[in-house]
Each structure stands twice: as C-alpha cells, then as structure tokens.
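*Asks:* Please find one structure pasted underneath; my questions will follow.
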Amino acid sequence: MPYRLDDTAADLRERLYFPEVIRGVGILMKQFLRNFFFGREKNPDMLARDRSLSQNATLQYPEERVPYPPGYRGLHRLVPREDGRPRCVACYMCATICPAQCIYIEAGELPDDPIEKYPTKFVIDELRCVVCGFCVEACPKDAIRMDSGEHAPPSYTRAAQIWDEKRLLRGPPVSYQYDPWLRRGASSIPAEKLAEMKANAKPFSTVATDEYAQTPGFSVKNLAAEAKARGETLARK
Amino acid sequence: MRRFLGMLLFAMFGPVALVLLSYGLYWVVALVEHFTSGHGLPPTYGAAIANVLLLMAGVVMTTAALLTVGERKWSAMIQNRIGPNRIKVFGTSVGGIFFLIADALKMLTKENIEPSQRSRLMYELAPMAAFAPSFVLFAVVPVGPSVDIAVGTAVHKVALQVASIDAGLLFVFGAASLAVYGTALAGWSSNSKLAILGGVRASSQMISYEVSLGLALVGSMMAYQSLRLEEMVQAQGQLLWGFLPALGVFLQPVGMLVFFASSFAETKRAPFDLPEGESEIVGYFVEYPGMKFGMMFLAEFIEVVVLAGITAAIFFGGWHPILFEQTLKDTFGEASVAWAAICAGAFLCKVLLLCWLQLVIRWTLPRFRFDQVQKLCWKMMLPIALGNVFVSGALILLDGSLHLLAAVGLVELVAMVLLTAAASKKGEVPAPAHAAAHAAPGH
Ligand code: SF4
Ligand code: SF4
C-alpha cells in the first residue's frame with residue numbers, strides 16, 4: 001500500500017526513539033500473531049482472498065497458480081475444425097506479420113476440401129516468439145489463438161521449444177457459419193457429421209470480444225493430462 | 001480453524017514440555033553427581049560437568065541452532081510469507097526443522113577456500129575466539145533454583161547453574177568483552193580490506209556498547225546488593241506492597257531498555273549489524289568458508305540466547321514463575337523437584353520469549369549508519385545509563401526497602417506507555433488508486 005512521505009522534522013517524541021521502536025515492534029508482533037495462529041488462505045485468486053485473519057500473501061507457485069486474466073496471451077494453438085483438421089489455410093499472414101519471424105509454414109494441398117490449402121508444416125519457435133499476439137490478430141480464419149491460458153512450459157532442450165503442427169493443433173474446435181467447408185460441404189466429411197457441425201457453428205462476430213478470442217476453461221495442462229490418460233505422450237525430444 | 005487450535009495447543013503445551021524437560025535435567029544432574037561422588041570425586045564436579053553438557057551444550061546450543069531456522073520462519077510470519085517449507089520428510093515440513101540438517105550438511109561439506117596471504121594461526125583461532133566467549137557467558141546464568149534431591153540414601157544439592165561465582169556480573173562483562181577479539185582477529189587475519197573494515201567496525205561498536213552495557217546494570221547491582229545472578233533472582237521473588245514482585249523491569253525500566261539495546265549491539269545483529277553490513281562490506285567473516293563461517297554465524301545466535309538468559313535473570317524475575325507463584329509453591333512444596341522444575345521451565349519460557357522479541361526487533365528496524373550507531377551509544381545511552389545510576393543510587397539511599405525505587409520505576413514505565421500510545425496520526429494513507437487499476441481484471 002502506498003504511503004505518502006511527509007518531509008516534516010521529527011518531533012520530540014520521535015526523537016526519543018524508544019517509543020517509536022516499541023510501536024513498530026507492536027505492529028510486527030500483531031502481524032506475527034495473526035499469521036501464527038491463522039492459516040494461509042489458499043485461494044489462488046489472490047485478490048479474492050479473505051485477509052482479515054491471516055494476511056499471508058504467498059502462493060505456492062508450481063502447485064497453486066493464479067488464474068490468468070481473460071485476454072492473457074499464452075501458448076499458441078492451432079484451432080482445429082470439428083473434423084480434426086486445422087482451420088488454417090496456410091495463407092502465410094501470420095508468418096509475414098510476425099516481428100520475430102518465428103513462424104515457419106509449408107503449404108500442402110487438400111483434394112477433398114473446399115479450402116484446398118492446408119499447412120503440412122506449421123512450426124512456431126517459442127524461444128524466439130515475443131508473445132506480441134500479432135499472429136492471432138492477422139489470421140483471417142481465426143486459426144491461430146493464444147488462449148491456452150498457459151505460458152510455454154520449460155524444457156531441457158531447445159528442440160522441445162519448437163512446436164510443430166502436431167503439438168500446436170489442440171484444444172476445443174471452433175466453426176463459424178460462414179466456413180466454406182460448412183457452406184459447400186467437403187467430401188471428406190460425412191453428411192450427418194456436417195449437419196452436426198453446422199448446428200454447432202457460431203455466427204460470425206462483428207466485434208472482437210474476449211468471448212470470441214478465448215475458450216474458457218481450456219488449458220494446456222488439462223490437455224496434457226487428457227493426453228496422458230489416453231496413453232499418448234507429447235512429442236518432447 | 002484447525003491451525004488455530006493446533007497453535008493454541010502448541011502454545012499451551014510448550015511450557016509444559018519445558019517443565020518436563022527441566023524435571024529431566026534436574027534428575028540427570030543429580031544422578032551424575034551421585035555417580036561421580038560415588039567414585040570419590042568432590043560432589044560439585046559431577047554437577048558442574050553435567051550442567052556444562054546439559055545447559056550449555058544442550059539447551060543453549062539447541063536453542064541457538066533452532067533459532068537459525070526459527071528466525072527464517074518467524075520473519076516469514078512477520079512479512080506475510082510462509083518461509084522455508086520445501087524440505088519435507090514423509091510429506092511434512094514440521095516448521096522447516098529439516099533445514100537445520102540441510103544447513104549443517106551444507107556447512108560441513110563446503111570446499112575449504114582460504115586466503116593465501118592470511119595470518120594462519122590467527123585465522124584459525126578467530127572463529128573459536130568469537131564462539132567461545134558468548135558461550136561461556138551462560139555459565140553464571142541460574143536456570144533453576146537449587147533443590148535437594150535424594151538418590152538412594154545420599155542427598156544431593158542440585159542447581160541448574162554451571163558456576164556460582166562471587167564475581168557474577170563482572171564475569172559477564174569480562175567474558176562479553178572478550179568476544180570482540182574474535183571479530184577483530186577475523187577481520188585482521190584474513191588480510192582483506194572488507195574484512196578488516198568489518199573487524200574495525202565491530203571492535204569500535206562493541207567497545208562502545210560495553211560501557212553502557214555495564215552501566216545499565218549498576219542500578220540492579222545496587223538494588224539487589226549482589227553481583228551473583230542467583231541472588232538477584234532470589235531477591236526478585238519478594239513482594240512490594242504485598243502484591244508487586246520486585247522484578248528488575250519494575251525497579252529499573254530505564255536500565256532494562258539501555259541494557260537490552262546495548263546487548264543488541266553486542267550480538268551484532270540488525271539494527272546494529274554494521275560489522276556485517278552485507279549490502280556494503282560483507283563483514284569480518286567474508287574470507288571464512290564452511291563451518292568456520294558457520295561458527296561465527298552460530299555465535300550470533302548463541303549470543304541472542306545467552307543475552308536473553310541474562311536479561312530474563314536480571315530484569316524478568318529469572319526462574320520465578322510470577323504467575324500463580326504462591327499457588328504452585330503451596331501445591332508442590334518449596335523443597336520438591338517438581339517446584340524446581342516448574343521454575344526452570346518458567347525461566348526457559350522467558351528466555352524463548354525474549355529470543356523471539358529480539359528477532360521481532362531485528363525485523364522491525366533498518367540498519368543504522370555507523371555515525372548514528374556511535375551517536376546513539378555515546379550521546380544517548382551513556383548519559384541515560386549514567387543518570388540512571390545516580391537516580392537509582394539516590395532512591396535506594398533514601399529508601400532501602402526498594403519501595404521508592406519501584407514507585408519511580410512504575411512512573412517511568414507508565415510514562416513510556418503513554419509516550420508510545422501518544423502517536424500522532426499524521427500523513428493519511430491515500431486511496432490506492434493506482435494499485436486498484438492494476439488489480440482490475442483484464443489489466
Ligand atoms: S505472438 Fe508475435 S512473435 Fe509470437 S508467433 Fe505470434 S506474431 Fe510471432
Ligand atoms: S494461422 Fe491464420 S494467418 Fe497463419 S497461415 Fe494459417 S490461416 Fe494464415
């Protein structure tokens with residue numbers, strides 16, 4: 001808490017020194033006793049903590065984590081369609097705008113899909129990324145997002161920080177009503193699946209809101225746990 | 001809530017545990033005495049050896065070692081942190097106790113790097129010279145009253161005190177001023193500019209405070225008319241006006257403040273940690289690796305414990321339990337071991353509380369500048385202590401029954417309380433607008 005600093009001369013009482021020392025010791029004793037007798041409030045949302053008894057402000061980091069605020073630019077992900085393919089059409093917009101030049105894309109062709117183009121390679125070097133979020137802004141297809149709510153996990157090798165399309169493609173799928181594969185159909189998607197996808201599709205938003213840029217409750221940690229439960233291992237070199 | 005109850009239980013059973021411990025101490029001392037006197041040695045030999053081992057090596061060492069962890073843990077509580085809790089055995093950290101073992105292991109296994117230009121003999125001697133005097137101070141502190149314990153047919157007089165010597169307090173002053181040799185030697189012999197700066201600071205600071213340390217206790221010596229600590233403790237058991245125990249803190253409040261402050265300077269801990277000054281010169285022990293540094297480090301904590309012991313003995317009634325004293329005495333009987341154990345437990349409680357108080361003060365105050373340290377000593381403490389000597393002397397001369405001294409002391413205490421409570425509320429805290437903006441979600 002900020003205190004205003006008054007540059008006034010010390011009065012006689014303060015110059016006697018001992019009274020002020022005793023007062024200071026009293027304040028600290030109070031603080032000690034309330035933290036001694038009352039346990040730490042463990043709510044990871046620090047601002048919501050009840051600090052009327054114990055004022056302990058510690059967060060045991062790796063075990064407890066502050067939930068990141070909406071809009072937090074976390075680890076990238078390639079947003080999947082509901083049939084599992086990436087939404088990305090390999091237009092190179094993100095690679096072009098990226099100030100750190102850390103996105104590398106190689107385009108391939110899809111014979112059975114109206115979008116025709118897709119990334120055979122989509123690599124982000126998380127060590128070079130400056131987390132500016134430009135790639136997300138630049139993408140015309142809402143195909144790349146930073147809504148994972150996690151920062152890049154630490155690793156012992158540089159290679160593990162290079163995320164390719166296999167690791168990037170994850171998280172809940174998104175579709176919009178205007179998506180070409182929904183409007184025109186794709187020979188790779190069965191008819192009933194297409195109907196289901198159409199039913200789930202969101203209308204296109206005209207204003208950018210957190211709700212559109214974020215997927216609430218999605219986190220890489222949970223994804224990793226799910227993948228582990230399925231018996232997969234994340235490609236870590 | 002669980003923590004609250006747990007801590008309450010801890011605070012309640014802590015003293016009980018200390019009493020039980022003291023009971024054990026009494027019996028062990030009695031048995032050792034019995035054993036040695038059975039082998040034809042003078043009876044006091046066994047008791048002295050047992051007391052040295054139990055009180056000095058056992059109680060003081062253990063308390064000091066625990067304080068190294070306790071300081072970290074308690075300062076954490078003061079600063080709204082958790083403190084050390086990462087070393088866990090079977091999933092619990094038990095207040096960070098295991099850090100003690102980790103620290104000891106670290107100190108003992110560190111590489112032994114020594115400056116090549118050191119003065120070898122002095123360099124090796126300094127840690128011991130710093131360690132021993134603070135340790136030896138505890139010899140005259142009476143932990144418990146003397147009591148007769150019968151082992152078999154023989155009756156032994158057992159007191160939890162290493163040495164009862166006539167010089168008493170003079171021994172305390174002498175041994176305390178020896179401590180400066182360790183620091184000065186360490187600073188000089190390691191042949192480093194920073195170390196010698198620390199050593200010089202330490203010597204000038206400790207020698208200055210020696211004076212007010214001694215003078216602060218002159219009033220107590222006059223009031224209790226003795227230099228022996230156990231007699232001073234005994235004298236504090238008497239009641240003034242039938243209800244007020246003649247504690248040093250009532251008779252000599254000013255002396256207590258000056259003594260406590262000076263003893264702080266003697267321990268070389270913040271706010272008087274100029275010899276160390278880790279942000280500027282790193283101190284007289286910069287060139288010491290591993291356990292040699294550990295000894296200097298531990299010497300500080302030992303000094304904390306020992307000075308807490310001396311303060312408790314002279315100013316806070318020593319082993320007198322004060323609370324419910326008469327009831328306890330009547331219940332257990334004045335000659336019983338149980339009563340003596342209660343007394344010793346009370347003393348240990350006081351020592352622990354005073355150690356805690358010293359740590360709280362250490363975490364309250366920022367460090368003085370060196371000229372401020374000297375100014376505080378020579379311009380403030382010394383005149384106050386001198387004045388206290390004359391005033392107390394005059395009051396004792398006027399009224400030998402100490403009533404006048406106690407009355408003046410109480411007035412001084414009340415004045416102190418009033419002055420402390422009279423804090424003006426200047427400088428209102430502005431609304432935390434900036435912080436609130438940071439705290440807003442989405443910021
Ligand atoms: S966040 Fe910025 S630096 Fe990182 S990949 Fe996207 S555009 Fe490049
Ligand atoms: S992620 Fe978006 S911007 Fe980048 S290539 Fe794919 S569609 Fe284009």
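Protein sequence lines correspond, in order, to chains A and B. If you count by the UniProt record's numbering, then the first sequence holds residues 1 to 237, one letter each, in order. If you count by the UniProt record's numbering, then the second sequence holds residues 1 to 443, one letter each, in order. For glycine and all other residues, C-beta sits at the position ideal for the given N, C-alpha and C.
Do the CB positions of Leu54(B) and Cys355(B) come within less than 8 Å of each other?
*Replies:* For the pair Leu54(B) and Cys355(B), the CB atoms are not nearer than the 8 Å cut-off.
*Asks:* Should Ala57(A) be flagged as near chain B, meaning a C-beta pair shorter than 8 Å?
*Replies:* yes
*Asks:* Compare the C-beta of Trp27(B) against all C-beta atoms of chain A and say whether one is closer than 8 Å.
*Replies:* no
*Asks:* For Ser392(B) versus Gln252(B), is the C-beta spacing smaller than 8 Å?
*Replies:* yes
*Asks:* Shorter than 7 Å, the distance from the beta carbon of Ala138(A) to the closest heavy atom of ligand 2, or not?
*Replies:* yes
*Asks:* Would you be able to state if there are at least three C-beta pairs under 8 Å between the segment 102-118 of chain A and the segment 77-92 of chain A?
*Replies:* The segment 77-92 of chain A is in contact with the segment 102-118 of chain A.
*Asks:* Look at the alpha carbon of Ala175(B) and the alpha carbon of Leu169(B), and state the distance between them as a whole number of angstroms.
*Replies:* 10 Å
*Asks:* Report all residues from its chain with a CB closer than 8 Å to the CB of Tyr26(B); omit the five preceding and five following residues, and keep chain order.
*Replies:* For Tyr26(B), the CB contacts under 8 Å within the same chain, skipping 5 residues up- and downstream, are Gly144, Val147, Ile149, Val158, Leu160, Val337, Ala340, Ala341 and Ala344 in chain order.
*Asks:* Tell me, please, whether the CB atom of Trp363(B) is closer than 8 Å to any CB atom in chain A?
*Replies:* yes
*Asks:* Using a beta-carbon distance cut-off of less than 7 Å, what residues from the segment 77-88 of chain B approach chain E?
*Replies:* Absence of chain E from the displayed structure is noted, the protein chains being A and B.
*Asks:* Can you pull the chain B residues whose beta carbon is under 7 Å from the beta carbon of Leu28(A), in chain order?
*Replies:* Ile78, Val360, Trp363 and Thr364
*Asks:* According to the Cβ coordinates, are Ala48(B) and Ala163(B) closer than 8 Å?
*Replies:* yes
*Asks:* Which residues in chain B have a C-beta closer than 7 Å to the C-beta of Asn35(A)? List them in chain order.
*Replies:* Met77 and Asn80
*Asks:* Relative to chain B, which residues along the segment 47-77 of chain A have a C-beta separation below 7 Å, given in chain order?
*Replies:* Leu47, Gln55, Asn56, Ala57, Thr58, Pro69, Pro70 and Gly71
*Asks:* Starting from Pro133(B) and walking both ways along the alpha helix (DSSP H), at which residues does that stretch end?
*Replies:* Arg120 to Val136
*Asks:* What three-state label does DSSP hand Gly108(A) in the structure shown?
*Replies:* strand
*Asks:* Measuring only from the beta carbon, is Cys94(A) closer than 7 Å to any heavy atom that is part of ligand 1?
*Replies:* yes
*Asks:* Name, please, each residue of chain B whose Cβ falls closer than 7 Å to the Cβ of Gly39(A).
*Replies:* Arg3
*Asks:* Go ahead and label Ala235(A) buried or exposed: buried means 16 or more other beta carbons lie within 10 angstroms of its beta carbon, across all protein chains shown.
*Replies:* With a pLDDT of only 43 at Ala235(A), under the threshold of 50, the placement of this residue in the model should not be trusted; the figure read from the coordinates follows. Exposed.
*Asks:* Mind checking whether the beta-carbon of Val131(A) lies closer than 7 Å to any heavy atom of ligand 1?
*Replies:* yes
*Asks:* Under 7 Å between beta-carbons, which chain B residues line up against Arg13(A)? List them in chain order, please.
*Replies:* Leu419 and Ala422
*Asks:* Against chain A, which members of the segment 46-80 of chain B pass a CB distance test of less than 7 Å?
*Replies:* Against chain A - using a Cβ distance shorter than 7 Å - the residues of the segment 46-80 of chain B are Trp74, Met77, Ile78 and Asn80.
*Asks:* For the beta strand (DSSP E) that contains Tyr118(A), what are its first and last residues?
*Replies:* Here the beta strand (DSSP E) through Tyr118(A) covers Lys117 to Asp125.
*Asks:* Run through chain A and tell me which residues come within less than 7 Å of Leu257(B), C-beta to C-beta.
*Replies:* Phe18
*Asks:* Can you tell me which of the three DSSP states Lys329(B) falls into?
*Replies:* helix
*Asks:* Does Met128(B) come within less than 8 Å of chain A when only Cβ atoms are used?
*Replies:* no
*Asks:* Mind listing which residues of the segment 372-398 of chain B have their C-beta closer than 9 Å to chain A's C-betas, in chain order?
*Replies:* Taken in chain order, the members of the segment 372-398 of chain B whose beta-carbon sits within less than 9 Å of a beta-carbon on chain A are Leu376 and Met380.
*Asks:* Given a cut-off of 8 Å, decide if Phe259(B) and Leu213(B) are closer than it, judged by their beta-carbon atoms.
*Replies:* Yes.
*Asks:* For chain A, find out if any of its Cβ atoms is closer than 8 Å to the Cβ of Met206(B); answer yes or no.
*Replies:* no
*Asks:* Determine the DSSP secondary structure at Asp164(A), reduced to helix, strand or coil.
*Replies:* coil
*Asks:* Starting from the C-beta of Val389(B), find all residues in its chain whose C-beta is less than 7 Å away, skip the five residues before and the five after it, and write them out in chain order.
*Replies:* Leu215, Val218 and Gly219
*Asks:* Taking only three categories from DSSP, how would you classify Ile384(B)?
*Replies:* helix
*Asks:* Under three-state DSSP, which class holds Tyr176(A)?
*Replies:* strand
*Asks:* Can you find a heavy atom of ligand 4 that lies under 7 Å from the Cβ of Lys202(A)?
*Replies:* Summarising the ligand content, the structure contains ligand 1 and ligand 2 and does not contain ligand 4.
*Asks:* When you compare the CB positions of Val60(B) and Ile302(B), do they come within less than 8 Å of one another, or not?
*Replies:* Result yes, Cβ atoms of Val60(B) and Ile302(B) sit closer than 8 Å.
*Asks:* Where in the segment 204-276 of chain B do unbroken runs of the alpha helix (DSSP H), each at least 4 residues long, occur, reported from the N-terminal end onward?
*Replies:* 229-235, 248-251 and 253-267
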